[in-house]
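Peer 1:
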Amino acid sequence: MHIQTGIETDRTAATGAGRAMDDRRSVDIVVASDAHGAFVWGVLDRLLDQPDLCFGNITASGFGAMEAAVLAYGVALGGQRGARTALTNFWRRVSHASMVMADRASPLRSILEHTIEIAEIRKKTCPVKLSILASNARTDAVKVFPSDELSIDIILAAATVPFLFPAVEIDGDTYWGDGDSSFLPSLKSAEPGAQLVIAGKPSRSMPPCSDHCVAAIPGASNLGRTQTIFDSAHRAGATMFLRPWTDWGELTAMRDRGRKKVEDWLMADHFLAGDRFGVEKKGRYV
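Laid out in structure tokens, this is it:
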């Protein structure tokens, strides 16, 4: 069993929760390649803590691809509680690796293999539909790998920092992380719900917003449903990109910033307001 206590015992509860899934509001996620890893953890952790929400599609690049895979696996085995447990266990392994490994790259495969079973994510019955983005190291073309094609190598490739670490071979070609979040596809959900982008910092095209809100994506067809959450302390956390594994206190502090951002998002009623948001709250973020 890859995931520690909490998931196996939740299988029955997860089955029952699945029957109530239709009553939940669906949220689709895009994780940009520049999103800080532990900040993404906090965002996902808080969303998983919300009983009236569920995950639909997740598109991820960068280190967030690993977190998205862990979340999908956790949900498949133990529902939202199982996913929270899986993410915590994953980050504990990451923190432990910083203390026992000098080579920052080599533990990634071992950590992922001890955290997830890729076959569970590839099943059609997996509640979370996961897509992973990686760049062809030879042509720079960005490829989207859907759930049923995923492998450990594909997830590792997405998390590989270009030029700092060797590209990962997949089907005779080599891939590594997508370094440009502009390649991320627009989310198009067949069902109504929130569309949330998790980024490391605001882009130049993003309208200004206060430190305690999220910014609407320009050009989106429904500004009330598509939002971007970014880490307002992204400059302070820049050193963590150079040393992605660090002590538990730093990781949980960044996680808590992510949780707080989602708390602000929910408190502002961005998601639950539905169509009313575009009329009543649009002015807050212009």
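Mapping of the sequence shown onto the UniProt record's numbering: residues 1 to 286, in sequence order. Heads up, the beta-carbon is just placed ideally off N, CA and C, and yes, glycines get one too. These numbers were taken from a predicted model, which means no experiment stands behind them.
Would you call M66 buried or exposed, if buried means 16 or more other Cβ atoms sit within 10 Å of its Cβ?
Peer 2: Per the 10 Å Cβ criterion, buried.
Peer 1: Per DSSP, which one or two residues make a beta bridge with A158?
Peer 2: Per DSSP, none; premise fails for A158.
Peer 1: Taking the alpha-carbon positions, what's the E263 to L87 distance?
Peer 2: Rounded to whole angstroms, E263 to L87 spans 19 Å at the Cα level.
Peer 1: Which whole runs of the alpha helix (DSSP H) in the UniProt domain "PNPLA" (36-176) are 4 residues long or more, in chain order?
Peer 2: The qualifying runs are 37-48, 64-100, 107-113, 118-122 and 152-159.
Peer 1: So if DSSP puts L196 in a beta bridge, which residue, or which two residues, is it bridged to?
Peer 2: Answer is I29 and Q227, bridged to L196.
Peer 1: Alpha carbon to alpha carbon, how far is I229 from V197?
Peer 2: One C-alpha to the other measures close to 6 Å.
Peer 1: In the structure shown, what three-state DSSP assignment does D178 receive?
Peer 2: In this structure, D178 counts as coil in the three-state DSSP scheme.
Peer 1: Quick one: what does DSSP say V255 is sitting in, helix, strand or coil?
Peer 2: This sequence places Arg at residue 255; Val is not what is there. The answer is helix: DSSP assigns R255 an H, G or I state.
Peer 1: Is the separation between the beta-carbon of A68 and that of V31 shorter than 7 Å?
Peer 2: Cβ atoms of A68 and V31: closer than 7 Å.
Peer 1: Are there any heavy atoms of the ligand MN lying less than 6 Å away from the beta-carbon of A32, as far as the coordinates show?
Peer 2: Among the components of this structure there are no ligands whatsoever, and the ligand MN is therefore not found.
Peer 1: Does G249 come within less than 7 Å of chain B when only Cβ atoms are used?
Peer 2: Note that chain B does not occur in the displayed structure, where there is just one protein chain.
Peer 1: Under 7 Å Cβ to Cβ from R259, same chain only, skipping five residues before and after it: list those, please.
Peer 2: Contacts found: G42, D45 and R46.
Peer 1: Within a Cβ cutoff of 7 Å, which residues of the same chain sit near L48, ignoring the five residues on either side of it in sequence?
Peer 2: Around L48: Q80, A83 and R84.
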